[in-house]
Every structure is written in C-alpha cells, then in structure tokens.
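Take 134 as the starting number for the sequence shown in this note's numbering and just add one per residue. For reference, the structure discussed in these notes is given below.
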Amino acid sequence: MLQHRPHTTVVLAMSVDGKIADFKRSPARFGSRVDKAHLEKQIAASDAVLFGASTLRAYGTTLTVSDPTLVELRAQGGKPPQPVHIVTTHSANLNPEINFFKQPVRRWLLTTVTGECLWKERLQTLSSTLGTGAREYAPEFEQILVFETSIREIDFPAALKHLATIDITRLVVLGGGELVASMLELDLIDELWLTVCPLILGGNTAPTPVEGKGFLADLAPKLQLIEVYTVDQEVFLHYHLQRPAD
134 MLQHRPHTTV VLAMSVDGKI ADFKRSPARF GSRVDKAHLE KQIAASDAVL FGASTLRAYG
194 TTLTVSDPTL VELRAQGGKP PQPVHIVTTH SANLNPEINF FKQPVRRWLL TTVTGECLWK
254 ERLQTLSSTL GTGAREYAPE FEQILVFETS IREIDFPAAL KHLATIDITR LVVLGGGELV
314 ASMLELDLID ELWLTVCPLI LGGNTAPTPV EGKGFLADLA PKLQLIEVYT VDQEVFLHYH
374 LQRPAD
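What follows is the structure, given as structure tokens:
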C-alpha cells in the first residue's frame, strides 16, 4: 500500500488529557517554542502538508518553514523553500480574506465535485464585482484536486495515490481530529508525533487527536513506540503504526 502513496505522518500537540484545543475550539497555541520548532522540522522534511478546513479556520494561517537552516536543507535536497499546503474540505467554504491566502506558499485544494463548483462560483461572483482585482482579494488555489467516492465524500486513497504520482513522497497531516480519524480508518497513516503539553483543558466538546465514530478495542489501530524524549515540561512521543506484516 505504501508504495502507492506518500509516507504519511501526523504531527499534533495535545494537553495531558488528550485535547488538541479547548472547548471553544480556539487556536491551540499552548505548545512551547521547542514544540513549534519540532513541528517546523517535520514540515520542512515533507513534500506537502495536509489539513482540514476547520484547522485552517481556527488559525487563519499555516505554519511555514522560516528557519534558515531548514530552508537550506530543503534547497540542498532540490526542494523548494516551502512544501505544498493542501486544504481538504467537502464544501470548500473558506474565507478568502484570511491570511493563509497571502502567505508565500503553494496552495492546493482537495475537495469534492460540489466543493470545486462552489469555489469556482464564488470566484466568478467576485470577478463580476471586483473585475480584474478579484485575484488580488481571492487568489485561486494553484491546483484543485477533485477525488470523490460514490457517496460524494473525499476519496483519500485515490487522492494520496495521485500525490505519489507527482513526486510527493512525504506527507505531514496537521489535523484536525476528523481528518486523522478518516485516514486512520482507511489505513493511510504511518507515523504519529504527539507532543504532550503540561496543561489540562477538559471539556466534553473539546476536540481530540482522533475524532469520528471511534474504534472498538479489538479493531483499534495498534502503535509501536519508537522514540520518546522530554524537553522541559513537554513529552515528545513518536509512534509507528503496526500492520500485520510488522
């Protein structure tokens, strides 16, 4: 399976009680500078990053590679300064005024037929209102990737297979929990990096690293701990997804 898709790593920070945001789903900025540097390092090692629309709405931006050493390492590997940043959303209901659309990154949209139509209709409406200035205020994604299942959901296996054909060999998933759950259910995750931060958020509606309908214990994805270390008060956990061949 891995030969036909990118190597995929989930990178998330969470509270001690397993929450990736508070009950208001505010942007999760409780990680330290060390955790942010760790996340940037994982992003720098990737060809593309993938995140859901809810994650983008919460932050309004994406994390770019700013460390000169990491930028240089990418250049030495023949890579552009930034990986591709891919937003996945069924509806493509995104605010064109968020700062994400001003960041110096290549932006792709992974969506359904419905999402593609809604996005293009919005651009056409803006073009008729703003004229030639529409692109300045609502720049299009460089690519719109449409992969849809028979029940009109995003076809992640087909999408990842396509990414592999265009030289995206390493993919980092930045959340949210619904996206991670969907990809775990489809056996599309290879590794997880989880940073445990020293706070307790609580709340029965606060999001967790894996949302969705959940897994029964005997069918749950099994993990192998391959690395663990602490920096100050944070614990960094690195897991490998176990498969029958392992």
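The beta-carbon is built from N, C-alpha and C at its ideal position, and this holds for glycine as well.
Note that the C-beta distance between Glu367 and Val329 is below 8 Å.
Within the same chain, Ser179, Asp180, Ala181 and Val182 come within 6 Å of Pro216 by CB-CB distance, once the 5 residues on both sides are set aside. In the DSSP assignment, Ala181 falls within the unbroken beta strand (DSSP E) covering Ala181 to Gly185.
Going by DSSP, Gln357 is part of the beta strand (DSSP E) stretching over Leu356 to Val364. Only residues of its own chain outside the window of five on either side were considered, and among them Val182, Thr195, Val238 and Arg240 have a CB closer than 6 Å to the CB of His218, listed in chain order. Around the beta carbon of Ser199, a 10 Å sphere encloses fewer than 16 other beta carbons of the protein chains shown; the residue is thus reported as exposed.
With fewer than 16 other beta carbons inside 10 angstroms of its own, Val149 counts as exposed.
Contact check for Thr202 and Asp323: beta-carbon distance about 26 Å, past the 8 Å limit, so the pair fails to qualify. Judged by their CB atoms, His137 and Ala314 are not nearer to each other than the 8 Å cut-off. Distances from the CA of Arg190 to each of Gln175, Pro160 and Gly210 were compared; the closest alpha carbon is that of Pro160. The secondary-structure analysis by DSSP pairs Met147 across a beta bridge with Val329. The continuous stretches of beta strand (DSSP E) do not include Thr197, and DSSP gives it neither H nor E.
Residue nearest to Glu275 within the set Ala177, His373, Leu242 and Leu251 is Leu242 (criterion: CA-CA distance). Relative to the Cα of Lys346, the nearest Cα in the group Gln209, Leu374, Asn226 and Met316 belongs to Met316. If only complete runs of 4 or more residues are kept, the stretch 192-241 shows the alpha helix (DSSP H) at 201-209, in order along the chain.
As the crow flies, the alpha-carbon of Lys152 is around 15 Å from that of Leu325.
DSSP places Val313 inside the alpha helix (DSSP H), whose first and last residues are Gly310 to Glu318. Between Gln209 and Val305, the C-beta spacing is not below 8 Å. With respect to Thr188, Gly336 sits apart: the two C-beta atoms are not nearer than 8 Å.
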